[in-house]
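Below is one structure, written out as structure tokens; comments come after it.
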Amino acid sequence: MKKIVLTGGGTAGHVTPNIALMPALKQAGYEISYIGSYDGIERKLIEELGIPYYGISSGKLRRYFDLKNFSDPFKVLKGYFEAKKLLKKLKPDVIFSKGGFVAVPVVLAAKSRKIPAIIHESDMTPGLANKLCIPSAYKICHNFPETAEHLPSEKAVLSGSPIRQELFKGSKEAGLKRCGFDASHPVLLVIGGSLGAAAVNEAVRQALPELLKTYQIIHICGKGKIDPTYRQTPGYIQFDYVKDELRDLLAAADVVISRAGSNAICELLALHKPNILIPLPAKASRGDQLLNAASFKKQGFSYLLEEENVTTESLCQAVHDVYKHRQTYIEAMEKQTSKDAIDIIVGLCNEAIAQMKQR
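Structural data, given as structure tokens:
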């Protein structure tokens, strides 16, 4: 049996693509192990699946001043030696990294053990963690055509993002029933991310009087972000977090409002869901969501509404416009050259192992 170590963590976005890969990897004959941080979000998500999980020390390398910048490099160094020891024990044939700072010591340790590592860059431009991993990588998979400009040409592979197959099995009827809705009015789904998005939540709630004239609204607002004021509002339902039922809620949605995290928007693309993207502003990030959203707008997949321009009027106008022209968005997404990221990545893993055996 072939052995693979998956790594990545820090946010759900660095874990869910790994989870999406697992069924295909098992079918291809791989024994799977996972290396993540001691207590990151990835630990709970992976252990729930019964996959052997190993924690290592993890630090964040920041571009800005922070007192932790003096201690975190030592955490990364400790993580490197822990990863090196684990790889000696696990003896994987290949590594697949979805990114996040916990992946850096794993990919560097893999190079020292002469184990090929395939990494995946979700965003338009590589983040710092993946920049550190690129020299040690066998191949670098990416989502956006523009990303290739920032990668070594001999390593870059336009793969798209692994999508959880269960998302394609959603039931519109089940989604409507779950919310107490019916088919008489279109459905607007608002997704603020796993932690919620305060600015998006506030804008949607302020616009409810206008939006509810036309739409039924499902609002996934983040843990602890439910507003009790609106609990009894007809046609409006709030969830702090959803898991298995997300596929049914997506199936029920006619239009989606979302942040522009790469995994979220790739799922919307794969499902052909007309959407409005409100990316995290540059002042709160490195600007990757702005670039992601701009690319999707350019390709005709999304309506872009920047957070600083969000008002009740602009939000309602965006929703009405996307719903009115929803078929245009759907057709643009359907024309997108379909790439089966899961097959591509599993194929690269097999290729890397075969090449190592020839050496």
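Heads up, the sequence shown is in the numbering used here, so the first residue is 1217 and it goes up one at a time. Glycine residues also receive a C-beta, built at the ideal position from the N, C-alpha and C atoms.
Practice problem: With a floor of 3 residues, list each beta strand (DSSP E) that falls wholly inside the stretch 1543-1572, ordered by position along the chain. | Solution: Segments of the beta strand (DSSP E) lying fully in the stretch 1543-1572: there are none.
Self-check item: CB of G1256 within 8 Å of CB of G1226, strictly
Solution: Yes, these two residues count as a Cβ contact at 8 Å.
Exercise. Taking A1509 and P1495 to be in contact with their CB atoms under 8 Å, please state how far apart those CB atoms are, rounded to whole angstroms.
Key: Correct: roughly 4 Å between the Cβ atoms.
Exercise. Give the range of the alpha helix (DSSP H) segment to which Q1432 is assigned.
Key: DSSP places Q1432 outside any alpha helix (DSSP H); the residue lies instead in the beta strand (DSSP E), whose first and last residues are Q1432 to I1436.
Self-check item: Pick from S1518, I1560 and N1566 that is closest to E1547, judged by C-alpha positions
Solution: S1518 is the residue among S1518, I1560 and N1566 whose C-alpha sits nearest the C-alpha of E1547.
Quiz prompt | First and last residue of the uninterrupted alpha helix (DSSP H) at I1481 | solution = S1478 to L1487 is the span of the alpha helix (DSSP H), which, as asked, contains I1481.
Practice problem: Select from E1370, Y1539, Y1254 and E1264 the residue whose C-alpha is nearest the C-alpha of F1317. | Solution: Closest option to F1317, judged by alpha-carbon separation, among E1370, Y1539, Y1254 and E1264: Y1254.
Quiz prompt | Whole-angstrom C-beta distance between D1464 and S1400, which should lie under 8 Å | solution = Taking a contact as a CB-CB distance under 8 Å, the pair S1400 and D1464 does not count as one, their CB atoms being some 18 Å apart.
Exercise. In angstroms with no decimal places, state the Cα-to-Cα distance between A1486 and I1560.
Key: For A1486 and I1560, the distance between alpha carbons rounds to 16 Å.
Exercise. Could you pull the start and end residues of the alpha helix (DSSP H) that F1512 belongs to?
Key: Per DSSP, F1512 belongs to the alpha helix (DSSP H) from D1504 to K1514.
Quiz prompt | Three or more C-beta pairs below 8 Å linking the stretch 1308-1325 and the stretch 1565-1575 | solution = Enough Cβ pairs lie closer than 8 Å, so yes.
Quiz prompt | Cα-Cα separation between A1333 and C1532, rounded to whole angstroms | solution = Going by the C-alpha atoms only, they are around 46 Å apart.
Quiz item: Apart from the five residues on each side of it in sequence, which residues of its chain come closer than 8 Å, Cβ to Cβ, to Y1452?
Solution: If you ignore the 5 residues before and after Y1452, its C-beta comes within less than 8 Å of the C-beta of L1424, L1428, Q1432, I1433, H1435 and Y1446, all in its own chain and listed in chain order.
Quiz item: Can the beta-carbon of C1349 be found less than 8 Å from the beta-carbon of A1319?
Solution: Cβ distance < 8 Å, so C1349 and A1319 count as in contact.
Quiz item: Just reading off the beta strand (DSSP E) that Q1243 is part of, what are its end residues?
Solution: Careful: Q1243 lies outside any beta strand (DSSP E), inside the alpha helix (DSSP H) at T1232 to Q1243.
Practice problem: Check each candidate in F1297, Q1515, L1520 and A1468 and name the one with the smallest Cα separation from A1476. | Solution: Minimum Cα distance to A1476 is reached at L1520.
Self-check item: Identity of the residue in V1292, V1538 and A1326 nearest K1304 by Cα
Solution: Among V1292, V1538 and A1326, the Cα nearest to that of K1304 is on A1326.
Practice problem: Look at I1407 and S1474 and say whether their C-beta atoms are less than 8 Å apart. | Solution: Yes.
Quiz prompt | Boundaries of the alpha helix (DSSP H) in which G1391 is found, first to last residue | solution = Segment K1388 to C1395, the alpha helix (DSSP H) holding G1391.
Quiz item: Can you tell which of M1217, E1365, K1330 and V1322 has its C-alpha closest to the C-alpha of P1342?
Solution: Relative to the Cα of P1342, the nearest Cα in the group M1217, E1365, K1330 and V1322 belongs to E1365.
Exercise. On a CA-only basis, which of Q1243, G1252, A1244 and K1242 is nearest L1222? Give me that one, please.
Key: When C-alpha distances from L1222 are compared across Q1243, G1252, A1244 and K1242, the shortest belongs to G1252.
Quiz item: By how many angstroms is the C-alpha of E1389 removed from the C-alpha of D1339?
Solution: Distance between the alpha carbons of D1339 and E1389 is about 34 Å.
Self-check item: Run of the beta strand (DSSP E) containing A1333, from where it starts to where it stops
Solution: Note, A1333: beta strand (DSSP E), A1333 to E1337.
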